[in-house]
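K.L.:
Starting off with a structure, shown below.
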Amino acid sequence: MPLVIFVDDSETALASTRMVTDSMPIDVKQYLSATDALREIQGGMIPDLIITDMNMPVMNGFEFLQALRKLPATGRTPVLMLTTETRDELKQQGKALGLTGWIVKPFNPAQLKQAIARVLRLA
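For the record, in the sequence shown the residue sitting at position 40 is 47 according to our numbering, with numbers rising by one throughout.
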């Protein structure tokens, strides 16, 4: 099964995404910090999709994305930003950094499922 990791400093947000993905044919790992997720990826974990928040302490979503793009294993891994941010200039900056897509919180569960299924090409 494809591995999807969620990175968000909000336990509530992670619980919400877990409810949405429980019925999907995917493995899910969740992280409360980008540095923890990055450490696991550097240690050999290879996710098929990464969904991250933008505004987090220590390492924000863009800093996380930049670090991911420097690693051979995740240089081309799809990354979706799941955030309250809606400004076009941030979306453009994300696209320039290699972001795959942008989902605004609070998210529609069907929209999140559809985005995951589309990126992973699930039937």
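Ideal Cβ positions, reconstructed from N, Cα and C, are used throughout, including at glycine.
Could you name the residues of the same chain whose beta carbon sits closer than 6 Å to that of L78, not counting the 5 residues immediately before and after it, in chain order?
P.N.:
Counted from its first residue, the sequence shown places residue 78 at position 71. Closer than 6 Å at Cβ, skipping near neighbours: no residue.
K.L.:
Considering just the uninterrupted stretch of the beta strand (DSSP E) at I48, what are its terminal residues?
P.N.:
Taking the first residue of the sequence shown as position 1, residue 48 is located at position 41. No beta strand (DSSP E) contains I48, which is instead part of the alpha helix (DSSP H) from 41-49.
K.L.:
So, using beta-carbon positions, are L75 and I58 closer together than 8 Å?
P.N.:
Stepping through the sequence shown from its first residue, residue 75 is reached at position 68. Stepping through the sequence shown from its first residue, residue 58 is reached at position 51. No, these two residues do not count as a Cβ contact at 8 Å.
K.L.:
Relative to the C-alpha of E18, which residue among D34, P54, L39 is closest?
P.N.:
Your numbering for residue 18 matches position 11 in the sequence shown. The shortest C-alpha separation from E18 is found at L39.
K.L.:
With a Cβ-Cβ cutoff of 8 Å, do V11 and I123 count as a contact?
P.N.:
The count along the sequence shown starts at 1 and reaches residue 11 at position 4. The count along the sequence shown starts at 1 and reaches residue 123 at position 116. Yes, the pair counts as a contact, with Cβ atoms nearer than the cut-off.
K.L.:
Around the Cβ of M26, are there at least 16 other Cβ atoms within 10 angstroms (buried) or fewer (exposed)?
P.N.:
What you label residue 26 is simply residue 19 of the sequence shown in a count that begins at 1. Exposed.
K.L.:
By Cβ distance, which residues of its chain are closer than 8 Å to T90, with the 5 residues on each side in sequence left out?
P.N.:
One-based indexing of the sequence shown puts residue 90 at position 83. Contacts found: D60, M61, N62, G68, W109, I110, V111, K112.
K.L.:
Taking G101 as part of the beta strand (DSSP E), name the residues at either end of that continuous run.
P.N.:
Residue numbering aside, residue 101 sits at position 94 when the sequence shown is read from its first letter. Not the beta strand (DSSP E): G101 falls in the alpha helix (DSSP H), residues 95-103.
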